[in-house]
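Trainee: Going down the list, the sequences are from chains A and B.
Numbers in our numbering are just positions in the first sequence, counted from 1, shifted up by 29.
Numbers in our numbering are just positions in the second sequence, counted from 1, shifted up by 36.
Using N, Cα and C, we set each Cβ at its ideal position, and we do this for glycine too.
This is the structure I have questions about; it appears just below.
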Amino acid sequence: MNFAQVLVNSLITASELGIIAVGLTLTFSLLKFANFAHVETAVAGAYLAWTLNVRLGLNFAVSIAAAVLVMGLAGVVIDRLVFRIFRNADDVAPMIASLGLAIAIRYSMQAIFGPRFLRYDFGIAPGMRIVGAFVTRQQVWILGIVLLAIVGFHILLQYTTIGKAMRATSTNPELAQASGVNTEWVIAWVWFLGTAFAALGGALVAWDTQLVPELGFNLVIPVFCVVLIGGVGSVYGALLGALVVGLAVNFGVAVNFAPLANLIGGADWVSSLRIPADYKPAIVYLAVVLILLLRPSGFMRRELA
Amino acid sequence: MDQLANFGIYLMGITSISLMLAISLDLQVGNCGIVNFGQVVFLTVGAYATAIALGRGSGAVPAVCWGVLAGVLFGLLMSISVRNMSGTYWGILSLSLAEIVRIIALNERWLTGGANGISVLVTVQYLPWIIAGSTLAVLLLVGLLLGSPFGRTIRLIREGDRLPMALGKNVLLLKMETMALGGAIGGLAGAYYALMQRYMSPDDAKPIETFIIWAMVVVGGRGNVWGIVLGTVLIQAFYTGTRFLTGLFDIPADTLAALRLVTIGLLITLVTMFRPQGLLPERRRIYPL
């Protein structure tokens with residue numbers, strides 16, 4: 030096992046999952062329902078960036094920025110059109126509606142762009158070696174962009190009026206409203222930021238790997254897993270959760286469990302006992318099942334920020 | 037003409053299988069309030085159990101029984117986790133469980149044939165008629181059961197755990213019974229699916245199958261058996277009918293398939309938004325005080 034390589038891969042996975050999960054954890058805690066369409070908006074953002082970049086020939090950075098902005102606004106529109114109706118409903122109805130929306134978005138992408146793999150138009154730069162790990166230029170950029178976005182979000186949340194209003198509304202909506210916070214305005218902001226971050230994450234995942242309509246399907250449970258580990262509503266918890274999931278899936282398939290098995294004392298001495306790489310997605314699914322059974326409230330104290 | 041008749045009989049069989057899965061889902065969601073986003077898993081385990089049993093030389097009837105048993109066991113396994121979990125978390129959990137089963141089916145080639153799937157070489161005479169007959173029996177049974185004290189109690193559980201608990205009902209046991217029964221019906225549907233398609237592969241276990249069944253239940257009307265029948269027939273007719281559109285319009289078949297699913301998704305969203313009770317709402321009996 031190349032320790033440095035697996036660590037780098039884990040960090041990349043974590044930053045991609047983390048930036049997508051931030052928006053999900055915010056709407057989850059504010060509106061009290063699990064939005065299954067969230068990751069699909071991430072993929073839609075990636076496709077929008079591809080259209081601008083490859084079809085219209087715009088600069089790569091400009092394409093991503095434009096897609097992020099447009100998807101942020103689309104998030105607000107989705108909330109107004111679909112989820113506003115469910116403000117006073119139970120948690121199941123909006124979840125079912127979001128599921129229908131997720132299916133509609135995913136297969137719209139498939140109808141428009143087809144099932145083939147797409148790539149961004151971006152000059153291929155040589156990768157580099159950092160302490161024994163092979164890293165591509167994209168991956169360095171991804172880490173940098175995600176870090177920047179997170180720091181920006183932290184500043185917004187802690188030091189601006191809208192950030193304070195968001196934290197107040199998440200902690201106690203009635204009290205926030207009584208104190209003069211326009212909660213509908215805050216909700217609109219949360220949708221804008223959450224969906225914009227998702228679109229950014231989606232574009233980065235597609236940049237790092239490839240763009241296919243099933244991308245959202247492969248991401249939905251891992252992103253929920255990140256949110257659940259971090260505790261619903263906790264932005265920093267989600268980032269920690271992303272790190273845990275990134276490390277778990279990458280080290281899970283890289284580690285040789287044979288010494289552990291021999292230590293426990295199986296019938297025969299084994300030299301190699303690995304989780305097959307095909308089971309990589311199952312690690313996350315199993316983690317979700319265990320978390321929900323053992324600690325449905327997550328591992329962090331529940332609070333925004 | 038013969039071909040048309042054969043197609044009609046095949047359609048009857050497939051619609052019956054869908055109807056069984058929809059009734060099973062409605063039993064869980066519409067009556068007991070258990071939000072199952074992994075409904076396809078019953079089809080998966082039922083079909084694989086039947087196909088594997090047939091492959092090892094079992095007769096058709098015992099093989100179907102294995103399918104039902106697999107459904108029951110998986111229903112019980114899922115219900116252990118149901119305890120007092122909210123709808124949201126159970127949705128995520130059941131989706132994950134169904135995916136784990138699909139990944140196992142995809143990778144354990146010695147058991148399931150992996151991505152190539154597993155073929156069924158047994159032919160059963162009058163199979164579509166048997167399936168339709170079984171579906172009628174299931175429909176009747178579930179209808180009777182829902183009218184019984186058991187049905188009233190699980191509908192009470194749907195509205196919240198506290199009242200049935202205060203009345204001394206064993207909520208966990210009732211949820212387990214509901215899931216076991218739902219699993220049995222779903223497993224039976226899976227067994228018939230394997231016999232009818234003569235093949236089962238992980239492709240038939242994808243989550244989208246779950247959501248097509250959800251569309252049937254949501255559109256038809258949760259908690260109303262006739263609503264489920266109507267929803268199943270409508271969605272199945274839409275699904276089959278639009279297949280013939282490829283010839284009429286100049287649209288590639290896979291684009292049309294994607295558009296079909298876009299419609300299914302929008303239907304789920306729009307019905308949940310504007311007519312949450314579905315086309316045929318549940319008839320709630322009002323008891324005078």
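Check each candidate in B:Lys-211, B:Tyr-228 and B:Ala-58 and name the one with the smallest Cα separation from Trp-126 of chain B.
Mentor: B:Lys-211
Trainee: Using a Cβ cut-off of 7 Å, which residues of the stretch 93-118 of chain A contact any Cβ in chain B, in chain order?
Mentor: Val-111 and Ile-114
Trainee: In chain order, what residues of the same chain lie with their CB nearer than 8 Å to the CB of Arg-296 of chain B, ignoring the 5 residues before and after it?
Mentor: Cβ within range, chain order: Phe-274, Tyr-275 and Thr-278.
Trainee: If you reduce the DSSP assignment to three classes, tell me which class Arg-258 of chain B lands in.
Mentor: Here DSSP, grouped into helix, strand and coil, assigns Arg-258 of chain B to coil.
Trainee: Between which two residues does the alpha helix (DSSP H) harbouring Ile-125 of chain A extend?
Mentor: 121-142
Trainee: Could you check if Arg-324 of chain A is buried or exposed, using at least 16 other CB atoms within 10 Å of its CB as the buried criterion?
Mentor: exposed
Trainee: Helix, strand or coil for Val-154 of chain B, going by three-state DSSP, please let me know.
Mentor: Before going on, a small fix: residue 154 of chain B reads as Ile here, not Val. Reduced to three states, the DSSP call for Ile-154 of chain B is strand.
Trainee: Verify the CB distance criterion: does Glu-195 of chain B have a CB-CB separation below 7 Å to chain A?
Mentor: No, because no Cβ of chain A sits closer than 7 Å to the Cβ of Glu-195 of chain B.
Trainee: Report whether the distance from the Cβ of Val-249 of chain A to the nearest heavy atom of the ligand ZN is below 6 Å.
Mentor: No copy of the ligand ZN appears in this structure; indeed no ligand is present at all.
Trainee: Taking Gly-230 of chain A and Ile-49 of chain A to be in contact with their CB atoms under 8 Å, please state how far apart those CB atoms are, rounded to whole angstroms.
Mentor: 4 Å
Trainee: So who's on the other strand from Ala-162 of chain A, going by DSSP bridges?
Mentor: A:Ile-159
Trainee: Just the chain A side, please: which residues come within less than 7 Å of Ile-136 of chain B by C-beta, in chain order?
Mentor: Ala-311, Tyr-314 and Leu-315
Trainee: By DSSP, does Tyr-323 of chain B sit in helix, in strand, or in coil?
Mentor: In the structure shown, Tyr-323 of chain B sits in coil (DSSP, three-state: anything other than H, G, I, E or B).
Trainee: Excluding the 5 residues flanking Val-81 of chain B on each side, which residues of the same chain have their C-beta closer than 7 Å to its C-beta?
Mentor: Ala-106, Gly-107, Phe-110, Val-137, Gly-223 and Gly-226
Trainee: Less than 7 Å between the beta carbons of Phe-226 of chain A and Gly-74 of chain A, yes or no?
Mentor: no
Trainee: Under 7 Å between the Cβ atoms of Ile-287 of chain B and Val-178 of chain B?
Mentor: no
Trainee: Output yes if chain A places a C-beta closer than 7 Å to the C-beta of Ile-304 of chain B; else output no.
Mentor: Residue-level contact by beta carbon holds for Ile-304 of chain B and chain A, with a gap shorter than 7 Å.
Trainee: Can you give me the C-alpha to C-alpha distance between Ala-334 of chain A and Leu-40 of chain A, rounded to a whole angstrom?
Mentor: Residue placement at Ala-334 of chain A cannot be trusted, given a pLDDT of 41 that sits under 50; what the coordinates show is reported in the next sentence. One C-alpha to the other measures close to 22 Å.
Trainee: Reducing DSSP to helix, strand and coil, say where Leu-181 of chain B ends up.
Mentor: helix
Trainee: Can you give the Cα-Cα distance for Trp-79 of chain A and Val-317 of chain A, rounded to whole angstroms?
Mentor: 32 Å
Trainee: Going along chain B in order, which residues have a C-beta closer than 8 Å to the C-beta of Val-318 of chain A?
Mentor: Against Val-318 of chain A, the close residues of chain B are Ser-117, Leu-129, Ser-132, Leu-133 and Ile-136, in the order they occur along the chain (beta-carbon pairs closer than 8 Å).
Trainee: Could you tell me the boundaries of the alpha helix (DSSP H) in which Lys-193 of chain A lies?
Mentor: 190-200
Trainee: Report the rounded CA-to-CA distance for Leu-85 of chain A versus Phe-142 of chain A, giving the unit in angstroms.
Mentor: 15 Å
Trainee: Let me check understanding here. Comparing Cα to Cα, which of A:Val-83, A:Val-274 and A:Trp-218 lies closest to Ser-199 of chain A?
Mentor: A:Trp-218
Trainee: Taking Phe-310 of chain B as the reference, which of A:Leu-147, A:Pro-155 and A:Phe-115 has the closest Cα?
Mentor: A:Phe-115
Trainee: What's the gap between the Cα of Met-236 of chain B and the Cα of Asn-152 of chain B?
Mentor: 9 Å
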